[in-house]
Amino acid sequence: MVASIDIKGLRFSWRGRTSFSLAVPDLKVAAGEKLFLLGESGTGKSTLLSLICGITTPSEGRLVLDGTNLPDLSASARDRFRAEHIGVIFQMFNLLPYASPLENILLPLAFAPNRKARVANQRAEALRLTSALGLNETLVTSAGTTELSIGQQQRVAAARALIGGPKLIVADEPTSALDATSQAAFVDLLMTQAEAAGATLLMVSHDARLANRFDRHLDLADVAQATRGMA
Amino acid sequence: MILLRLALKSLRSRILTVSLTVFAIALSVALFLGVEKVRTGAKASFADTISGTDLIVGARSGGVQLLLYSVFRVGNATNNVTWQSYQDIAARPEVKWIVPLSLGDSHRGFRVLGTTTAFFDRYKYRGGRDIDFAQGTQFNDLFDTVLGADVASELGYKIGDEIVVAHGVASFTEHDDKPFRVSGILEKTGTPVDRTVFVSLAAIEAIHIDWQGGGRSQTPISAKDVRQMDLKPKSVSAALVGVTSRLKIFTLQRWINDYTQEPLLAILPGVALSELWSLIGVAETALIGVSTMVVITALLGMIAMIFSGLNERRREMALLRAIGARPRTILTLLTTEAALMSLMAVLLGLALLYTGLFVAQSYIDAAFGLYLEITWPSRRELVVLALVVLAGTLVSLIPALRAYFLSLADGMQVRS
C-alpha cells in the first residue's frame, strides 16, 4: 500500500529569542490509515502539524505526502497542495464567524479547483456530509455560525475538512473543547466519514482515552524529539 | 469573487466600526465636493454679476478699479466723465443703449447710485436675468428712490418711507433738506445691486445744486424750487454701454480709449471680472487645500481602524491559511475590504452632497445670493472620487502588509 505520509530524517529548527528544534527520524502513515498521536503540549505537536501541512519548511529531510516531497515545492505551491490534499480541523475557532456554516464548509473549494471539480453539487454535498455528521439541515443553511454550539461547530469544521475528498485529514485536538460523551461520538463520526471518503486520518490529542478507537496509536515523544533552549 | 463575498461579509460583521469609518470618509468627500460646488458656484455667480453689458466706460484708471467702483461699488472713481463726453459716446452709431452711473453719496453705509430708469431694463445678471421689482415701481418723481433687497431688509424699509441721503461715503453731513420717498424695492439678485440705493440722475444733481466745494452754500435752494431748475448733470462716474452688434464692441472700445477730449477707459466686463477673480482666487486654493486635508485625515482614520482590528483577526487569517489561502490572499482580502469601504464612502458622500444641495439650494440662493447648480458630477469631480477610492486602497496596503507578515509568521497557529 502507498504511504500517505512518509517522513525520513526530518529536522526543523527555529531561532528567535528562544531556540526550538524538532527531529522526526522516521514516520510512515499508510493511505487510509487512522493514526492517533498522543502528545502533551510542548512536545512539538503544532510544529509537526505545520510541517505536514506545508506551512513551515524543514531544514533537512524528506516529507513526502502522497508521493510529493513538500520541501521541494515553492511556498505558494505548498499552499495550493494543502488546499487540494489536506483538510484541517482545529481545537476551536474553526469557523469564520461572519460566514454562514454552509459557506464555511464550501470555503476550501475556492482555493482548491480539483477538490471543487469533484463536487458536482456543492450545497447537496455539504448537506450530505453534515447530515452524516448528525447536523440538521436548517442549522447548516439558516443559522448563524456564532449561534452554533461548540460541538456543532466542530462538526461543521469536520464537513469542511472532508468536502471534495482530500486525501489527508489532520485533526489537532478536535475534541478537547467537547464534553466526554460527545468526544467519542464526534471521533466515531469523523472516522466513518474519513473511511467513506478513503482519506487518511491523523489526529493529535493529549487525551489518551480515544486512542484505542484508531488503527494505530503512537506517543509523539517516540516519534519526534523536541529540544528547547535559550538562544 | 469569493474574496469579494468574504470581504463584504467580514465588513458586515463589524458594521458599527465600519459604518463609522465609512461615514467619516463620506463626510469628508461630501465636504470636498461641497467646497468644489461652492467654489465653482461662487466663480459663476461672480462672473454672472453683470451680463448683457458690452462695455463699461469711466475715466482713465485701471480696468479692475473701474469694475470695482462701477459694478461692485467698492472704492471711488478717481475722476468723472464729463457730460459732454457722455453725450459724444451716446451719439456713436455703434451704441444701442447707454446707462449713466453717478456715485459718491451714501445712505447708512449703502452706496447711492444715480442713474436712469433704463438701468432696471438694461442691467442683467446670471446670464441675462432681469432685475425684478419685489414691490412698487421704478422712480417716477424726482425724489423717488428704489432700494436693493438687502438695503430694504436690513434697514426695514417699505414703500412710501422717507429716507435722507448723506453726502459722501462716510460722512455726517446729510442732504436732509431734500428727503427721498421709497417707490420700489427690488428682488434679491445676489449681486451688488442688492446693496444699492437707486435714485435718478437728476436727483443727484438736485441734491448737490446748492453745494459748493464739498459744503452747503449760503443760499440754499428748497426741494420745491429745485424742480423748476435745469438738472442736467455736469458729469457722471461711469456708464454701461450696449452695442448694436457684438462685432462693434472693439471698434467702440478703441474709439473711446482714443478719445482725445478727455482720458477715458472702456473695458469688457467679462475680462475685468476674470482679472479680478484671479486676484481673489487664492482663497479657493486654500479651500481646496483644507478639504483635501480632511479627506486625508478620514483615510488615516480608516487605516487606524484596520490596524486596530488586525490582532483580533489573526485567528481568522490563520484559519484561512490552514484551508489553503496564500499570504497574498490575506493581503488581497484586506485591501479589498478597504477598497469597498472607500467605494461605499464615496457613494455615500455623493448622496450626502446631493441631498444637501436639494435641501439647501434655495436657502443658499436666498441668503447668500449664491446659486449652486445641481448637475451631474463633473469630470474633475469623478476623477477626485476615483482618487479617493484609489488612495484608500493604496494606504490599506500598510496594514495589509502587516497582516501578510503576521500570517506568514503565525501559520496555522496564532502565537501570542
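Protein chains in written order, with full-length UniProt numbering: chain A, 1 to 231; chain B, 1 to 416.
C-beta atoms are modelled at their ideal positions from N, C-alpha and C, and glycine is treated no differently.
Answer yes or no: does any C-beta atom of chain A fall closer than 9 angstroms to that of residue i?
| i | result |
| --- | --- |
| Ser10 of chain B | yes |
| Glu316 of chain B | yes |
| Leu16 of chain B | no |
| Gly411 of chain B | yes |
| Leu319 of chain B | yes |
| Leu6 of chain B | yes |
| Arg379 of chain B | no |
| Ser416 of chain B | Caution applies to Ser416 of chain B, whose pLDDT of 45 falls short of 50 and renders its modelled position unreliable; the value that the coordinates give is listed next. Closer than 9 angstroms: no. |
| Thr329 of chain B | yes |
| Gly324 of chain B | yes |
| Ser13 of chain B | yes |
| Ile25 of chain B | no |
Does any residue of chain B have a CB that is nearer than 9 angstroms to the CB of residue i?
| i | result |
| --- | --- |
| Phe12 of chain A | no |
| Ile55 of chain A | yes |
| Ala194 of chain A | no |
| Val119 of chain A | no |
| Val156 of chain A | no |
| Val88 of chain A | yes |
| Asn94 of chain A | yes |
| Phe20 of chain A | no |
| Pro101 of chain A | no |
| Glu40 of chain A | no |
| Ala83 of chain A | yes |
| Pro108 of chain A | yes |
Sort the options by Cα distance to residue i and report the nearest one.
| i | options | result |
| --- | --- | --- |
| Asn311 of chain B | B:Ala403, B:Leu340, B:Thr244 and B:Leu279 | B:Ala403 |
| Met203 of chain A | A:Gly151, A:Leu48 and A:Ala126 | A:Leu48 |
| Gln65 of chain B | B:Ala266, B:Thr117 and B:Ala90 | B:Ala266 |
| Leu38 of chain A | A:Ala211, A:Arg228, A:Gly229 and A:Phe111 | A:Ala211 |
| Leu350 of chain B | B:Ala367, B:Ser10 and B:Ser378 | B:Ser378 |
| Asn79 of chain B | B:Arg328, B:Val197, B:Gly104 and B:Leu186 | B:Gly104 |
| Ser407 of chain B | B:Thr393, B:Ala322 and B:Tyr125 | B:Ala322 |
| Asp365 of chain B | B:Asp194, B:Val146, B:Met229 and B:Thr332 | B:Asp194 |
| Thr375 of chain B | B:Met305, B:Arg14 and B:Leu357 | B:Leu357 |
| Gly184 of chain B | B:Gly136, B:Arg227 and B:Ile256 | B:Gly136 |
| Ser10 of chain B | B:Pro399, B:Leu348 and B:Met341 | B:Met341 |
| Ala47 of chain B | B:Pro100, B:Phe72, B:Gln253 and B:Phe110 | B:Phe72 |
| Tyr98 of chain A | B:Tyr157, B:Arg313, B:Val383 and B:Val165 | B:Arg313 |
| Asp172 of chain A | A:Met92, A:Gly32 and A:Leu63 | A:Met92 |
| Lys34 of chain A | A:Asp66, A:Ile169 and A:Ala177 | A:Ile169 |
| Asp6 of chain A | A:Gly16, A:Arg17, A:Ala199 and A:Pro25 | A:Pro25 |
Using a Cβ-Cβ cutoff of less than 6 angstroms, which residues in the same chain neighbour residue i once the five nearest sequence positions on both sides are dropped?
| i | result |
| --- | --- |
| Gln225 of chain A | Ala23 |
| Leu190 of chain A | Ala158 |
List the DSSP bridge partners of residue i.
| i | result |
| --- | --- |
| Arg60 of chain B | According to DSSP, Arg60 of chain B bridges with nothing at all. |
| Gln154 of chain A | None, per the DSSP bridge assignment. |
| Thr82 of chain B | B:Ser235 |
| Ala3 of chain A | A:Ala30 |
| Val197 of chain B | B:Val112 and B:Leu147 |
| Gly229 of chain A | A:Ser19 |
| Phe12 of chain A | A:Leu22 |
With a threshold of 7 angstroms on Cβ separation, who are the neighbours of residue i within its own chain once the five nearest residues in sequence on each side are excluded?
| i | result |
| --- | --- |
| Thr57 of chain A | Pro71 |
| Val346 of chain B | Val29, Leu385, Val388 and Val389 |
| Arg78 of chain A | Gly54 and Leu70 |
| Arg82 of chain A | Cys53 and Gly54 |
| Leu353 of chain B | Ala30, Leu33 and Gly34 |
| Gln183 of chain A | Thr175 and Leu210 |
| Leu127 of chain A | Glu137 and Val140 |
| Glu284 of chain B | Arg39 |
| Ala202 of chain B | Leu142 and Leu231 |
Can you list, in chain order, the residues of its chain whose CB lies under 8 angstroms from that of residue i, leaving out five sequence neighbours each side?
| i | result |
| --- | --- |
| Ser13 of chain A | Ser19, Phe20, Ser21, Leu22 and Ser59 |
| Trp97 of chain B | Ala118, Arg122, Val241 and Gly242 |
| Ser200 of chain B | Gly114, Thr115, Thr116, Thr117, Phe139, Leu142 and Asp144 |
| Leu96 of chain A | Glu103, Asn104, Leu107 and Thr145 |
| Leu300 of chain B | Val395 |
| Thr336 of chain B | Leu3, Leu4 and Ala7 |
| Arg80 of chain A | Phe111 and Ala112 |
| Ala221 of chain A | Gly39 and Thr43 |
| Ile159 of chain B | Gln135, Gly136, Val182, Ser183, Gly184 and Ile185 |
| Thr297 of chain B | Ser28 |
If you measure from the beta carbon of residue i to each beta carbon in chain D, is any gap under 9 angstroms?
| i | result |
| --- | --- |
| Arg15 of chain A | Chain labels in this structure do not include chain D; the protein chains are A and B. |
Would you mind listing the alpha helix (DSSP H) stretches within the stretch 173-204 of chain A that are 4+ residues and don't spill past its ends, in chain order?
-> 180-197
Segments assigned alpha helix (DSSP H), at least 4 residues, entirely inside the stretch 121-180 of chain B | 149-155
Whole beta strand (DSSP E) runs in the UniProt domain "ABC3 transporter permease C-terminal" (290-406) of chain B with 3 or more residues, listed along the chain?
-> none
Segments assigned alpha helix (DSSP H), at least 4 residues, entirely inside the stretch 16-64 of chain A | 45-52
Can you check the stretch 203-245 of chain B for any alpha helix (DSSP H) of at least 4 residues that lies completely inside it and give the ranges in chain order?
-> 223-226
Ignoring anything shorter than 3 residues or poking outside the stretch 249-281 of chain B, list the beta strand (DSSP E) runs there in chain order.
-> 264-267
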